[in-house]
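Here is the structure we will look at, set down as structure tokens.
In the UniProt record's numbering, the protein residues as written are 1 to 154.
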């Protein structure tokens with residue numbers, strides 16, 4: 001993957017990818033907002049494709065992301081909460097599995113930040129809240145100290 005950024009004027013930049021290009025207009029939309037939008041769009045695309053591969057359909061998909069950042073530079077994300085809201089022709093367990101598959105396996109942007117950001121999620125499926133403020137299994141935001149582990153002597 002390759003992206004080239006070229007300064008155009010003032011605080012406008014052109015981003016060229018291998019497939020397309022677009023203008024980044026700072027401070028209209030900040031690079032951090034583009035970054036968060038990319039993270040969320042990655043998961044949103046999974047939420048359409050995973051069900052489609054199972055001959056299911058997702059409609060009315062909305063994912064709200066709320067990131068809290070550190071006060072000091074470089075102002076990294078400390079936490080990220082994702083609110084998934086969608087309708088589908090699947091049961092609640094299957095809908096939850098789709099979200100978990102995106103978060104834990106398929107979404108490369110979330111999987112890139114999950115070791116440094118505490119990630120949680122909520123799911124509203126077919127108008128019913130089925131998960132509320134669940135923590136991502138591996139998105140703890142820090143390394144887990146397992147302490148001393150005994151092993152067999154060789």
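Heads up, the beta-carbon is just placed ideally off N, CA and C, and yes, glycines get one too.
In this text the structure is predicted, and so the values were computed from the model without any measurement.
Check the Cα spacing between residue 75 and each of 32, 47 and 38: the tightest is with 32. The residue from 61, 63 and 78 with its alpha-carbon nearest to that of residue 69 is 78.
DSSP places residue 38 within a helical segment (H, G or I) once states are collapsed to three. The DSSP assignment places complete beta strand (DSSP E) segments of no fewer than 3 residues inside the region 91 to 140 at 118 to 125 and 128 to 140, in order along the chain. In terms of CA proximity to residue 90, 125 leads the group 109, 118 and 125. Secondary structure of residue 67 (DSSP, three-state): strand. Look at residue 10 here: in three-state DSSP terms it is coil, with no helix or strand label. Residue range 77 to 88 is occupied by the beta strand (DSSP E) that includes residue 78. Rounded to whole angstroms, the Cβ separation of residue 15 and residue 24 is 6 Å, and the two are in contact under 8 Å. Residue nearest to residue 61 within the set 9, 86 and 6 is 86 (criterion: CA-CA distance). Residue range 21 to 25 is occupied by the beta strand (DSSP E) that includes residue 23. Just measuring C-alpha positions, the residue of 80, 11, 17 and 34 sitting nearest residue 119 is 80. Residue 57 is not a Cβ neighbour of residue 108, given a cutoff of 9 Å.
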